[in-house]
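Single-structure report; data block below.
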Amino acid sequence: MSFKKKNIILWVSTLLFFMISWNLAFQETLDLSQNIENIENQLINIERAPKEIAKLESELKQLQGSTKMLYSSVLDMRESLLYEISELSSKYNVSLKSFPEYYIQDKENFELTTSPIVLQGTFKNLVMLMDEFEKMNTSGKVSSAYFNIEESPRTKKRSLSLTLYIQSINV
């Protein structure tokens, strides 16, 4: 046999040896390392699961809290709104000046009702009433607040009034 043939046989046998060793050892090792990475990722997800569950539960509670604002009729909403405002008005020594007509915007599956409420009192009491009403958040959400100073022409006294625009959803 010539030297050239011996070299070719040596290279072919070396290549064959590497292919057999790859299939028997190295490929299995790479597959095991990929499995380890997948298992580590699953463990990380399992460790995060309680935090995710707590986050989803808090979002669910928040959504359940916002469903209190859904009313079957505008009259139910207005009645609830008037009751809450009158309770807060007596608590903060604020007078309910007027409860004007509401505005309705029709959407596809619901109605968005905007109810203006005009209150009169001191700035501090009006702000505390508005703050507590926003925290209660059962009859609707405060979409806008407008403070206005009015002067009586007869007595020349100035009074502060607050117009709250409360929005709620009617299904």
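Heads up: take any position in the sequence shown, counting from 1, add 867, and you land on my numbering.
By construction, the Cβ of each residue, glycine as well, lies at the ideal position given by its N, Cα and C atoms.
Since the model is a prediction, treat every value here as computed from it, not as a measurement.
Alpha carbon to alpha carbon, what distance is there between residue 948 and residue 1026? Indexing the sequence shown from 1 puts residue 1026 at position 159. Indexing the sequence shown from 1 puts residue 948 at position 81. Cα-Cα distance, rounded: 24 angstroms.
Can you tell me whether residue 906 is buried or exposed? The criterion is at least 16 other CB atoms within 10 Å of its CB, across all chains shown. Working through the sequence shown from its first residue, we reach residue 906 at position 39. Residue 906 should be labelled exposed.
Can you tell which of 898, 1035 and 887 has its C-alpha closest to the C-alpha of residue 981? Position 114 of the sequence shown, counted from the start, is the residue given in the question as residue 981. It is 1035 whose Cα lies nearest to the Cα of residue 981.
Excluding the 5 residues flanking residue 1018 on each side, which residues of the same chain have their C-beta closer than 6 angstroms to its C-beta? Residue numbering aside, residue 1018 sits at position 151 when the sequence shown is read from its first letter. Same-chain partners within the cutoff: 1025.
Mapping DSSP to helix, strand and coil, what is residue 966? Here residue 966 refers to the residue found at position 99 when the sequence shown is read from its first residue. Residue 966: coil per DSSP, three-state reduction.
Jot down the residue ranges of each uninterrupted alpha helix (DSSP H) in the segment 978-1027, minimum 4 residues, whole runs only, in chain order. 990-1003
Length of the line joining the Cα atoms of residue 908 and residue 958: Here residue 908 is taken as the residue at index 41 of the sequence shown, counted from 1. Here residue 958 is taken as the residue at index 91 of the sequence shown, counted from 1. Going by the C-alpha atoms only, they are around 56 angstroms apart.
At the level of alpha carbons, what is the spacing between residue 1001 and residue 913? Within the sequence shown, the letter at position 134 stands for residue 1001. Within the sequence shown, the letter at position 46 stands for residue 913. If I take the Cα positions, the gap works out to 38 angstroms.
Straight-line gap, residue 968 to residue 962 (C-alpha atoms, nearest Å): The residue given as residue 968 occupies position 101 in the sequence shown. The residue given as residue 962 occupies position 95 in the sequence shown. Going from the Cα of residue 968 to the Cα of residue 962 covers about 18 angstroms.
Out of curiosity, what's the CA-to-CA distance linking residue 997 and residue 1015? Position 130 of the sequence shown, counted from the first residue, corresponds to residue 997. Position 148 of the sequence shown, counted from the first residue, corresponds to residue 1015. The alpha-carbon atoms of residue 997 and residue 1015 are separated by roughly 15 angstroms.
Using a Cβ-Cβ cut-off of 6 angstroms (strictly less than) and excluding sequence neighbours within five positions of residue 896, which residues of its own chain qualify? As a first step, residue 896 is located in the sequence shown; it is residue number 29 there, counting from the start. Closer than 6 angstroms at the Cβ level, and outside the excluded window around residue 896, lies no residue.
For residue 889, the first and last residue of its enclosing alpha helix (DSSP H): For the purposes of this step, residue 889 is identified with residue 22 of the sequence shown, where counting begins at 1. No alpha helix (DSSP H) holds residue 889; DSSP gives it neither H nor E.
Taking only the alpha-carbon atoms, compute the straight-line gap between residue 1032 and residue 924 and give it to the nearest angstrom. Within the sequence shown, numbered from 1, the residue matching residue 1032 stands at position 165. Within the sequence shown, numbered from 1, the residue matching residue 924 stands at position 57. Near 31 angstroms, if we compare the C-alpha coordinates of residue 924 and residue 1032.
Between the CA atoms of residue 971 and residue 977 - distance to the nearest angstrom: Position 110 of the sequence shown, counting from 1, holds the residue named residue 977. Position 104 of the sequence shown, counting from 1, holds the residue named residue 971. Their backbone Cα atoms lie some 10 angstroms apart in a straight line.
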